[in-house]
Amino acid sequence: MTFQMPKFLRGFRAILYKEFIVMFRDRTTLFFMFFPPMLQIIAFGFALDNDVKHMAMAVYNEDRTTESRQLVDAFVNTQTFRVVKEVNSVAELEAMVRRGKAYVGLEIPPDFTRKLHAGQKADVQVLVDGSNSTTALQALNTALGVAFQQSIGILLGETGRRELPVEVRPQVLYNPSMRAPNFFVPGVIGTALQIAAVFAAAMSIVRERERGTLENLFVSPMTRWGLMFGKLVPYLCVLMVMAAFLFTILRWVFFVPIHGSVAMLFVAAFLYIFALISLGLLISTKAESQNEAMQMSMTIMLPSIFFSGFIFPRETMPWIFYAISTLLPATYFIELMRAIILRGAGFLEFWRHLLVLAVMSAVLFSLCAMRFKHKVG
Amino acid sequence: MPGEVMIQCDNLTKKFGDFTAVDRVSFSVDKQSIFGFLGPNGSGKSTVIRMLCGILEPTEGVGRIAGHDVSRETEAIKGSLGYMSQKFSLYDELTADENLQFYARLYGLHGEAMQKRRDELMELTHLEPYMDRRAGLLSGGWKQRLAMACALVHKPSVLFLDEPTAGIDPVARRELWDLLFELSSAGMTLFVTTHYMDEAERCTHVGYIYMSKLIVCGAPDDLKQLPAVNPAGTKRLDVNCDHVTVGLRAVRKLEKVRMSTVFGQSMHLLVDEAMPEQSIRDALHAVGIHEVDIRPIGPSLEDVFVVLTRQQAGAQS
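First to last, the protein sequences are chains A and B.
Heads up, the numbering used here is the position in the first sequence plus 1, with the first residue counted as 1.
Heads up, the numbering used here is the position in the second sequence plus 987, with the first residue counted as 1.
Below, the structure is given as structure tokens:
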């Protein structure tokens, strides 16, 4: 008894057989499929840590009293700053920041302690290098926090109260330590899989066109669906292995806890990869040369890096970019990853995202097969 | 059965934008014949083959294989059609055996049937010692055999070969032709494009395409009898002598020599029937050539194509 292939899938098994052999023989392609994603996850995971600590701070303390030194200590105790140099003039302070030797300059005027004790407003100047908005914002917030705490301490002493009238006790859910890898690595998995899947699939048919083997496939009784499924399945298998690999790195190299269902992670990965390969195959059927396929892939993938919510939050995007983001498979996959890994969300909370990916896969794949002309020229 | 039409083209035309690659080409090929399709590069040979294989849509006209319209009944012809393209269409990463198995599977063969066919083709093409070698590492001749085996895997009744002998050595070339005759005698119809006149002479029928138009088509011997090739009141002579290029220059000055060309150690002349051989001998003596051997010959296929090409080029300008 042999399983009879349905007619519309004629040629599927032959293509499958060939693609698997070619894929494992063609070490360069395999290397370029695996290496960039691995590099990406390692680089992003380790380097993209935007919890800034121990920023270089220059101090110009004109007051030189116990109180003023306590203020400097208060800054250092936040762990956000470290004193790199004590300077002796405002000009020197500004120069330190301008030259990038210090991110922050702290100037305590000579009358600081006097005004403090006199119950007057004691001014402290803080210079912040605003060229990197993320670190500047953090420096600013921390500095304001220090000033606020100092003021509160003094006011409490004056009123005789021991506690603040209102106290906010924030509790960060889902990524309590607010570690950057927890946020970034799930996103990196999305972009890494995308690069590997789209490039590999985009090359696959156009390469046969360039080599002339496509002509012989057209002459044979192979069907379009047979060809497309035969191309899809091997890449799907290899990329699922890669996804497993990336999840392993996420869990055991970056120690990101997976709060949700691991099975669901793989379901999401499956649908996502299916959509990406279909997109790649679609490019491959349209491109005339491997070069053109490469350029088309780049053009399609670039928006995913910016608009998928991988780095910038989608909620704050202008409507046009937000609209683009809703068309990208990466958007849904990255949201799914964060929901399942960080929030431990259950199926009922994210089934819509899975559905969107499934629909995208089905539409893109059908487009490939149906719009593919069984002809040359 | 010979006499039965296997391939037929009626006004087959292909335009790419403003360029007409194939212009109203009509001919037919009988079953079991070896049809040689000749013409310079870019004259439209491959385009005709692609249309007949159903992978290129004709702009106008109809092509038929065994009575089936190739652009409408594509599915019906696929099982009976074999195609060996110019580039051989092999997968370099696969071994010879794997290439063969791939094409076998593509045509729905597997298991024992595939093994049996594989063994048959291995014997037919003598590929056995190379079966485990990567196709990319095979020499031109072996690549061509492998491509041939792949094209034959489903026992097609018509085989199209697009310049199968381009760039391979003479031994491989002769062996390929032996194989083609073997296949033809087993009932297969062969459609071969080539640049080589000696290959054309081996075909049962030839067609010559020039600047997108089919100029002539028929059995080589019939073509050599064409009036255009044998103008009334002329004869063809083979003149064998030393210093043939010097001799040619002298002979060309004679009024009654209409056409002349060097052919190895001798020259082929088309002269007025009334021209006495002595006048040629005299002209050669005058330039110091004394050993001269003259005999009458018939036209070659090359003569046929040269005459018809000139005629066509003249008609167009």
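Glycine is no exception: its CB is placed at the ideal position from the N, C-alpha and C atoms.
Item	Value
Segment contact, 8 Å Cβ cut-off, at least three pairs: the region 65-74 of chain A with the region 234-242 of chain A	no
Classification of M1135(B) by the beta-carbon crowding that lies within 10 angstroms, buried from 16 upward	buried
Cα-Cα separation between P1207(B) and L1288(B), rounded to whole angstroms	7 Å
Partner residues on chain B for V377(A), Cβ-Cβ distance less than 9 Å	R1037, I1042, L1043
E1062(B), buried or exposed, once every other Cβ within 10 Å from all chains shown has been counted against 16	exposed
N- and C-terminal bounds of the beta strand (DSSP E) containing K1307(B)	Lying before the first or after the last residue shown, residue 1307(B) is absent from chain B, which here runs from 988 to 1304.
Contained alpha helix (DSSP H) runs [length at least 4] in the region 1114-1181 of chain B, N- to C-terminal order	1127-1139, 1157-1172
Start-end ranges of the alpha helix (DSSP H) lying completely within the region 1066-1095 of chain B, minimum 4 residues	1083-1093
DSSP three-state assignment for R1282(B), whether helix, strand or coil	strand
Local Cβ density within 10 Å of G992(B), reported as buried at 16 or more and exposed below that	What sits at residue 992(B) in the sequence shown is Val, not Gly. By the 10 Å Cβ count, V992(B) comes out exposed.
The region 362-376 of chain A in contact with the region 270-281 of chain A per 3-pair CB rule at 8 Å	yes
Interface flag, I19(A) vs chain B, CB-CB below 9 Å	Checking the sequence, you will find Lys at residue 19(A) rather than Ile. By this cut-off, K19(A) is an interface position.
Among G1069(B), G1031(B), I1021(B), nearest to H1141(B) - alpha-carbon criterion	G1069(B)
Where N1227(B) falls: helix, strand or coil (DSSP)	strand
Touch test, the region 1191-1207 of chain B against the region 1289-1300 of chain B, Cβ-Cβ under 8 Å, three pairs minimum	yes
Alpha-carbon to alpha-carbon, R372(A) and V186(A)	36 Å
Test: Q1299(B) CB closer than 9 Å to a CB of chain A	no
Between the CA atoms of H375(A) and M206(A) - distance to the nearest angstrom	Reading off the sequence, residue 206(A) comes out as Ile, not Met. Each residue's Cα considered, the two are about 12 Å apart.
Contact under 9 Å by Cβ, A111(A) with V125(A)	Looking at the sequence itself, residue 111(A) is Pro, so the reference to Ala does not match. In this structure, V125(A) does not lie closer than 9 Å to P111(A) by Cβ.
Simplified DSSP state of M988(B), which is helix, strand or coil	At M988(B) the pLDDT is 49, less than 50, meaning the model places this residue with poor confidence; the figure from the coordinates comes in the next sentence. In the structure shown, M988(B) sits in coil (DSSP, three-state: anything other than H, G, I, E or B).
7 Å Cβ cut-off: residues of chain B touching F219(A)	I1042
Min CB distance I206(A) to chain B below 9 Å	no
Beta-carbon separation (whole angstroms), T1176(B) vs Q1299(B), contact threshold 8 Å	The pair is not a contact, with the Cβ atoms about 28 Å apart (cut-off 8 Å).
CB of S1076(B) within 9 Å of CB of G213(A), strictly	yes
Run of the alpha helix (DSSP H) containing V234(A), from where it starts to where it stops	225-253
E95(A) to V129(A) span [Cα, whole Å]	10 Å
Unbroken alpha helix (DSSP H) run spanning I341(A), endpoints	No alpha helix (DSSP H) holds I341(A); DSSP gives it neither H nor E.
Beta-carbon spacing of V377(A), E216(A) below 9 Å	yes
Cutoff 9 Å: R225(A) Cβ touching any chain B Cβ	no
Below-9 Å beta-carbon distance, G1031(B) vs any chain A residue	no
CB contact below 9 Å: I312(A) versus chain B	no
Buried/exposed call for I196(A), threshold 16 Cβ in 10 Å	buried
Between the CA atoms of T1112(B) and M1038(B) - distance to the nearest angstrom	28 Å
CB contact flag (L280(A), A359(A), <9 Å)	no
Chain B within 9 Å of R372(A), Cβ atoms only	no
Cβ shell of K1222(B) (< 7 Å), same chain only, five flanking positions each side left out	V1258, E1260, P1283
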